[in-house]
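First the structure, in the form of structure tokens, and then the observations on it.
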Amino acid sequence: GWLKLMGREHYETLREANNYAWSLGGLNRFKEVKTLMRKTFPAARRVLGKNDVLMLRMRWVYAIALHMDDGATLDDLREAVTTLDEVLSIARRVLGKSNPMPGTIEAVLQDARATLRARETPSPGIA
Numbered sequence: 566g567w568l569k570l571m572g573r574e575h576y577e578t579l580r581e582a583n584n585y586a587w588s589l590g591g592l593n594r595f596k597e598v599k600t601l602m603r604k605t606f607p608a609a610r611r612v613l614g615k616n617d618v619l620m621l622r623m624r625w626v627y628a629i630a631l632h633m634d635d636g637a638t639l640d641d642l643r644e645a646v647t648t649l650d651e652v653l654s655i656a657r658r659v660l661g662k663s664n665p666m667p668g669t670i671e672a673v674l675q676d677a678r679a680t681l682r683a684r685e686t687p688s689p690g691i692a
């Protein structure tokens, strides 16, 4: 509704897209999260910039979808780790140590790194 009412580049439209993405993620509908965020990112980058908290949340939910999707490729996992690493760095700088968001992002990053390591490491006995 916000998209039709206010347009693609309105802050409230971007906020609602982010809220919708988090809801989809909670339902394990990760492909839909990725599609939505890929459509939303160009406008969000123009309107918000890379240091905005909403932009950080959008990139965070996208990275979660990349690494939690059952069909995630190695490239998806690498992109998730890279994205989370960047988002964590910005969140620490912008929000500071007292904000809980960086700690939560860091936990997701550790999980994504572990998933990537597990997928990159060949199983014993497989040639």
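Going by the numbering used here, 590 is the number at position 25 of the sequence shown; the sequence numbering is gapless.
From the three backbone atoms N, C-alpha and C, an ideal C-beta is built for every residue, glycine too.
Alanine 637 and arginine 610 have their C-alpha atoms spaced approximately 25 Å apart. Under the three-state reduction of DSSP, threonine 578 is assigned to helix.
Between leucine 653 and the set Met666, Leu642, Tyr576, the nearest pair of CA atoms involves Met666.
One alpha carbon belongs to leucine 621, the other to arginine 580, and they sit about 12 Å apart.
Annotation: leucine 642 to alanine 628 spans about 8 Å, alpha carbon to alpha carbon. Rounded to the nearest whole angstrom, the C-alpha separation of serine 663 and asparagine 584 is 24 Å. C-alpha of threonine 605 to C-alpha of alanine 582: approximately 7 Å in a straight line.
Rounded to the nearest whole angstrom, the C-alpha separation of alanine 672 and arginine 682 is 15 Å.
For glycine 668, the uninterrupted alpha helix (DSSP H) segment begins and ends at 666-685. Between valine 618 and tryptophan 587, the beta carbon gap of about 14 Å keeps them out of contact (Cβ cut-off 8 Å).
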